[in-house]
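Novice: First to last, the protein sequences are chains A and B. In terms of this note's numbering, the first sequence has 23 at position 23, counting the first letter as 1, and numbering is strictly consecutive. In this note's numbering, each residue carries its 1-based index in the second sequence increased by 447. For each residue, glycine too, the CB sits at the ideal point set by N, CA and C.
Number of protein chains: 2
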Amino acid sequence: MTSRTLIKNLAALPDGPVSITGWVDTVRDQKKVQFIILRDESGAVQLVNPAVRELDPEGVSVGAAEAFALTEQISALSHGTFLTVAGELKHDERVKLGGLEVKIGSLDVVSEALETPIAADSSLDKRMDWRFLDLRHPKQHLIFRVQTTFEHALRQYWIDNDFIEIHTPKLMASASESRAELFEVGYFDTTAYLAQSPQFFKQMAQPAGFGKVFEIGPAFRADPSFTSRHATEFTSIDAEISWVDSHEDVMRMHEELLVAAFTAVKAKHGAEIAELFGVELEVPTTPFPRIPLAEAKQIVADHGYVVPRADADMDPEGERRISQYVKETYGHDFVFLTDYASSIRPFYHMRHADDPGLTNSYDLIYNGVEISTGAQREHRIDVLIAQAKEKGLEPEELGFYLDFFRYGVPPHGGFGMGLARVLMLMLDEHSIRETTFLFRGPARLLP
Amino acid sequence: MTSRTLIKNLAALPDGPVSITGWVDTVRDQKKVQFIILRDESGAVQLVNPAVRELDPEGVSVGAAEAFALTEQISALSHGTFLTVAGELKHDERVKLGGLEVKIGSLDVVSEALETPIAADSSLDKRMDWRFLDLRHPKQHLIFRVQTTFEHALRQYWIDNDFIEIHTPKLMASASESRAELFEVGYFDTTAYLAQSPQFFKQMAQPAGFGKVFEIGPAFRADPSFTSRHATEFTSIDAEISWVDSHEDVMRMHEELLVAAFTAVKAKHGAEIAELFGVELEVPTTPFPRIPLAEAKQIVADHGYVVPRADADMDPEGERRISQYVKETYGHDFVFLTDYASSIRPFYHMRHADDPGLTNSYDLIYNGVEISTGAQREHRIDVLIAQAKEKGLEPEELGFYLDFFRYGVPPHGGFGMGLARVLMLMLDEHSIRETTFLFRGPARLLP
Numbered sequence: 001m002t003s004r005t006l007i008k009n010l011a012a013l014p015d016g017p018v019s020i021t022g023w024v025d026t027v028r029d030q031k032k033v034q035f036i037i038l039r040d041e042s043g044a045v046q047l048v049n050p051a052v053r054e055l056d057p058e059g060v061s062v063g064a065a066e067a068f069a070l071t072e073q074i075s076a077l078s079h080g081t082f083l084t085v086a087g088e089l090k091h092d093e094r095v096k097l098g099g100l101e102v103k104i105g106s107l108d109v110v111s112e113a114l115e116t117p118i119a120a121d122s123s124l125d126k127r128m129d130w131r132f133l134d135l136r137h138p139k140q141h142l143i144f145r146v147q148t149t150f151e152h153a154l155r156q157y158w159i160d161n162d163f164i165e166i167h168t169p170k171l172m173a174s175a176s177e178s179r180a181e182l183f184e185v186g187y188f189d190t191t192a193y194l195a196q197s198p199q200f201f202k203q204m205a206q207p208a209g210f211g212k213v214f215e216i217g218p219a220f221r222a223d224p225s226f227t228s229r230h231a232t233e234f235t236s237i238d239a240e241i242s243w244v245d246s247h248e249d250v251m252r253m254h255e256e257l258l259v260a261a262f263t264a265v266k267a268k269h270g271a272e273i274a275e276l277f278g279v280e281l282e283v284p285t286t287p288f289p290r291i292p293l294a295e296a297k298q299i300v301a302d303h304g305y306v307v308p309r310a311d312a313d314m315d316p317e318g319e320r321r322i323s324q325y326v327k328e329t330y331g332h333d334f335v336f337l338t339d340y341a342s343s344i345r346p347f348y349h350m351r352h353a354d355d356p357g358l359t360n361s362y363d364l365i366y367n368g369v370e371i372s373t374g375a376q377r378e379h380r381i382d383v384l385i386a387q388a389k390e391k392g393l394e395p396e397e398l399g400f401y402l403d404f405f406r407y408g409v410p411p412h413g414g415f416g417m418g419l420a421r422v423l424m425l426m427l428d429e430h431s432i433r434e435t436t437f438l439f440r441g442p443a444r445l446l447p
Numbered sequence: 448m449t450s451r452t453l454i455k456n457l458a459a460l461p462d463g464p465v466s467i468t469g470w471v472d473t474v475r476d477q478k479k480v481q482f483i484i485l486r487d488e489s490g491a492v493q494l495v496n497p498a499v500r501e502l503d504p505e506g507v508s509v510g511a512a513e514a515f516a517l518t519e520q521i522s523a524l525s526h527g528t529f530l531t532v533a534g535e536l537k538h539d540e541r542v543k544l545g546g547l548e549v550k551i552g553s554l555d556v557v558s559e560a561l562e563t564p565i566a567a568d569s570s571l572d573k574r575m576d577w578r579f580l581d582l583r584h585p586k587q588h589l590i591f592r593v594q595t596t597f598e599h600a601l602r603q604y605w606i607d608n609d610f611i612e613i614h615t616p617k618l619m620a621s622a623s624e625s626r627a628e629l630f631e632v633g634y635f636d637t638t639a640y641l642a643q644s645p646q647f648f649k650q651m652a653q654p655a656g657f658g659k660v661f662e663i664g665p666a667f668r669a670d671p672s673f674t675s676r677h678a679t680e681f682t683s684i685d686a687e688i689s690w691v692d693s694h695e696d697v698m699r700m701h702e703e704l705l706v707a708a709f710t711a712v713k714a715k716h717g718a719e720i721a722e723l724f725g726v727e728l729e730v731p732t733t734p735f736p737r738i739p740l741a742e743a744k745q746i747v748a749d750h751g752y753v754v755p756r757a758d759a760d761m762d763p764e765g766e767r768r769i770s771q772y773v774k775e776t777y778g779h780d781f782v783f784l785t786d787y788a789s790s791i792r793p794f795y796h797m798r799h800a801d802d803p804g805l806t807n808s809y810d811l812i813y814n815g816v817e818i819s820t821g822a823q824r825e826h827r828i829d830v831l832i833a834q835a836k837e838k839g840l841e842p843e844e845l846g847f848y849l850d851f852f853r854y855g856v857p858p859h860g861g862f863g864m865g866l867a868r869v870l871m872l873m874l875d876e877h878s879i880r881e882t883t884f885l886f887r888g889p890a891r892l893l894p
């Protein structure tokens, strides 16, 4: 590896020679002195060089030619140029950026850069066109550090609780949940479909006796909508567990998991998040509030907003308002809306034993937006077939899925949660485009 | 949750009442006594019930009717039925299975089972048809426990070394590596392609200044081959790091990573792997042997096998033989074959500074089979374009990829590795179908 010190580690070193690498953030090319802000994956540092603007015509001063050349080289640097730099570290409280600077000894251009096509005020769409440059900004960079910590904490919770990690296929012979919004793939002499979720396959792990499983992987929806919350490809966080008594057991696992993940993110990145996003991250307390959906709609109506829907469902504005109500009433950023009507839930959600109009299901709302759906699944084959028929599905179409319930299966439930949505809401961003490495939408397949 | 003790935890309990759940593995229905082997995700236990074969016609004995009913119920149990059982745990050294048994008090059938369509001697293809039943076997189950531990250890190494986790898109506007073996997806009014690897996008993280990145996710190849090592969809383990001097830096990270993962798997599952797979797992020592490919071909030739290829490449038999040679000579299960000819490597592999006929690349061979390809990437835009043209590619086709190199980029390199192949070779299995949760091949999209 190129021998170098990460910029974040300079602070702990004594004054003296250092080697660093990174890209040019900015150059301040003053008459008598030149400054470079050099950035690497860990931070930024100020480099300094006393400018030598004239070539000594007599050539008597030792090193004068080199000093002149270095000055010229720095003047010519463009934003984004990757450098290796050898120099002298000096701690100096007067330097705003970290209280230290590096006096440049020598500087090697590793990779030159064309002038950057984006600026701080570029449109989101233009920034997406040049996502690899957009991601250089400390704020964008931090999003993916947070993502890394968040996911690792989820997995650590699952590992500590004896879950098995699975990778379910994204190529399917038939629809996973609904026949709408499916992408078709030419598959040799036939057609395959991209999985809209790992739903059927994580359920398959239940009759397989895996007990508790998780997966973080891509899901695909041929959804033509252009909202800030939708993508045609997204990273789905999924878990499914055996021997639940109801959706309450799923919610309990779900909230413990989020507490573990938020705790890890706050510990590792809390200060940076506050600095760059202006967000004081709160670790939620358990239990999260739980409100049956019908009751939530009533609360929202009592506060002046009647959800304008003919069916039993909530709408985004209603979710925003119930979330606000919960924040004011319970001081909580999360709320489980529970017991959705059977009419607006998929056929495989288990229904209440005493009221088949309601399901053992929930949506999780975080800071006003839905991030997850969970449920106990119907595992009794005869009930499952009846519910599928009621929804207008033909049992023949569901062949392989229904087989999972014919050879013995434990009661089970789980949830799916959108990674980019959680990050968006955690960091108070306004679109999942910001919290997705490379967004995919109806009009975006590039880069 | 259903109140229960995991079967593996029974051994630590004193004699007394217990509740357990699981599925019926076997029933031995003897005249005077009935035995059930009950299995859950953690193990198996023997249940016992003194048979009461006749209903006491007088109805005088207390509980006689219940005892008769329980006996009948057990006689009717089929393999795969999921049960909850309350009973009395009794430690008894004479019981072969774990030195304990549970005398059944009451037994509830949670989910009945049709007769299983597969048997121990079913063909692999038939087992794949009924994968959810096949996975109930302790051996298959262990594969995915090992997978879980293996992946978590990889990620722990990456987290400890400050890597960022990324999720690259699987939907692309153009080919990622080659125009062959691409799956086409109908994408609204246009066509998308499924990513054959995250190659281009993990490289994108380099000009983005991410430094070190990893991803474990699906990759897709429209490869019509039916070998034991190929799939149309597979889980790819990818890493890419900045500031490498050569492929040697990539190999060093790669071998450290494998040592970490093998150490974790051996610690957690070594004994079970030995018992169920007959494999004494060895943690490899570093450095792994490195042999330039040309030299490896010569060694194999000197030992009687001239690779029957017109080009500079190895073949599977050659890989098997060089692996055997390395095992005999260095006692090592792994070998890096290095410095592949430019003619047989993709355009983006960096070439030797002093010999453009060779690349800064390697394949990693484990127990005779290739599991990974790694390389330093060419990051100099002019050289990259020249190499692309030489391979017959049009720079226009590579538009967005080439842009990654025009705005500054550090030297970098990485590898991609097939998860199912590593597990197959680690556990001495004969097909990746065994080590994939749900295999996808040219003729398999179900279940």
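Can you give the Cα-Cα distance for F630/B and H599/B, rounded to whole angstroms?
Specialist: Near 30 Å, if we compare the C-alpha coordinates of H599/B and F630/B.
Novice: At the level of alpha carbons, what is the spacing between A833/B and R798/B?
Specialist: Straight-line Cα distance between these residues: approximately 12 Å.
Novice: What are the boundary residues of the beta strand (DSSP E) that A375/A is part of?
Specialist: Run containing A375/A: 369 to 376, per the beta strand (DSSP E) assignment.
Novice: In whole angstroms, give me the CA-to-CA distance for T84/A and D780/B.
Specialist: Rounded to the nearest angstrom, the two C-alpha atoms are 38 Å apart.
Novice: At what residue ranges does the region 832 to 879 of chain B contain a whole run of the beta strand (DSSP E), taking only runs of 3 or more?
Specialist: You should have 859 to 865.
Novice: Would the region 3 to 17 of chain A count as touching the region 65 to 79 of chain A if we require 3 or more Cβ pairs under 8 Å?
Specialist: Taking 8 Å as the limit for Cβ pairs, the verdict is that the region 65 to 79 of chain A does not touch the region 3 to 17 of chain A.
Novice: Please classify D581/B as buried or exposed, where buried requires at least 16 neighbouring CB atoms within 10 angstroms.
Specialist: Buried: at least 16 other Cβ atoms inside 10 Å.
Novice: Would G527/B pass as an interface residue toward chain A - the criterion being a Cβ-Cβ separation below 8 Å?
Specialist: Yes - at least one Cβ of chain A is within 8 Å of the one on G527/B.
Novice: Is it true that the CB of Q206/A sits closer than 8 Å to the CB of V409/A?
Specialist: Contact flag set, yes.
Novice: Verify whether the separation of the beta carbon atoms of F400/A and L893/B is less than 8 Å.
Specialist: Contact: yes.
Novice: Can you look up P198/A in the DSSP assignment and give me helix, strand or coil?
Specialist: Reduced to three states, the DSSP call for P198/A is coil.
Novice: Taking G664/B as the reference, which of D555/B, T615/B, W690/B has the closest Cα?
Specialist: Out of D555/B, T615/B, W690/B, T615/B has the C-alpha closest to the C-alpha of G664/B.
Novice: Could you give the DSSP three-state label for P442/A: helix, strand or coil?
Specialist: Three-state DSSP puts P442/A in coil, outside helix and strand.
Novice: So what does G534/B bridge to, in DSSP terms?
Specialist: According to DSSP, which records beta bridges pairwise, G534/B is partnered with V465/B, I551/B.
Novice: Where are the beta strand (DSSP E) runs, 3 residues long or more, that stay fully inside the region 671 to 759 of chain B, in chain order?
Specialist: DSSP runs (the beta strand (DSSP E)) wholly in the region 671 to 759 of chain B: 680 to 689, 737 to 739.
Novice: Run down chain A in chain order and give the residues with a C-beta less than 8 Å from the C-beta of E559/B.
Specialist: Ordered by position in chain A, the residues that pass the 8 Å Cβ test against E559/B are G408.
Novice: So, is the C-beta of R592/B closer than 8 Å to a C-beta in chain A?
Specialist: R592/B counts as touching chain A.
Novice: Output yes or no for whether 8 Å exceeds the beta carbon distance between A67/A and V52/A.
Specialist: Yes, the pair counts as a contact, with Cβ atoms nearer than the cut-off.
Novice: Beta-carbon separation of R145/A and L438/A under 8 Å?
Specialist: Against a cut-off of 8 Å, the Cβ pair of L438/A and R145/A comes out as no contact.
Novice: Can you name the residues of chain B whose CB is closer than 8 Å to the CB of V265/A?
Specialist: Here the premise fails: no neighbours, minimum Cβ distance about 13 Å.
Novice: Spatial neighbours of V265/A within its chain, please: C-beta separation below 6 Å, excluding the five flanking residues on both sides.
Specialist: For V265/A, where only same-chain residues beyond five positions count, the Cβ hits under 6 Å are V146, T149, F150.
Novice: Should I611/B be flagged as near chain A, meaning a C-beta pair shorter than 8 Å?
Specialist: Interface residue, yes.
Novice: Using the beta-carbon of each residue, which ones in chain B are nearer than 8 Å to G209/A?
Specialist: Correct list: G469, W470, R486, D487, E488, L582, R583, H588.
Novice: Provide the residue span of the alpha helix (DSSP H) that contains T595/B, from first to last.
Specialist: First-last of the alpha helix (DSSP H) with T595/B: 585 to 607.
Novice: CB I895/B to CB E841/B, shorter than 8 Å?
Specialist: The first residue shown for chain B is 448 and the last is 894, placing residue 895/B beyond what the model contains.
Novice: Which residues mark the beginning and the end of the alpha helix (DSSP H) in which L124/A is found?
Specialist: Segment 124 to 129, the alpha helix (DSSP H) holding L124/A.
Novice: Note down, in chain order, every chain B residue with its Cβ under 7 Å from the Cβ of L438/A.
Specialist: Under the 7 Å cutoff, chain B gives T615, P616, F648.
Novice: Closer than 9 Å by beta-carbon distance: list the chain A residues that pair up with V549/B, in chain order.
Specialist: Simply none; closest approach about 17 Å.
Novice: Interface residues of chain B around L194/A at Cβ under 9 Å?
Specialist: Within 9 Å Cβ-Cβ: K617, L618, V632, L641.
Novice: Any idea what DSSP makes of R351/A, helix, strand or coil?
Specialist: Correct three-state label for R351/A: strand.
Novice: Which value, in whole angstroms, describes the spacing of the CA atoms of L293/A and V244/A?
Specialist: Their backbone Cα atoms lie some 21 Å apart in a straight line.
Novice: If you run the structure through DSSP and keep just helix, strand and coil, what is P763/B?
Specialist: In this structure, P763/B counts as helix in the three-state DSSP scheme.
Novice: Which residue or residues does DSSP assign as beta-bridge partners of M651/B?
Specialist: DSSP, once it has assigned bridges, lists no residue as partnering M651/B.
Novice: In terms of residues, what are the limits of the alpha helix (DSSP H) holding S75/A?
Specialist: Residues 64 to 75.
Novice: Short of 6 Å in beta carbon distance, which residues of its chain neighbour G658/B, apart from the five on each side in sequence? Order them along the chain.
Specialist: Excluding sequence neighbours, G658/B sits near S689.
Novice: Measure the C-alpha to C-alpha separation of A666/B and P645/B and round it to an integer number of angstroms.
Specialist: Approximately 8 Å between the Cα atoms of the pair.
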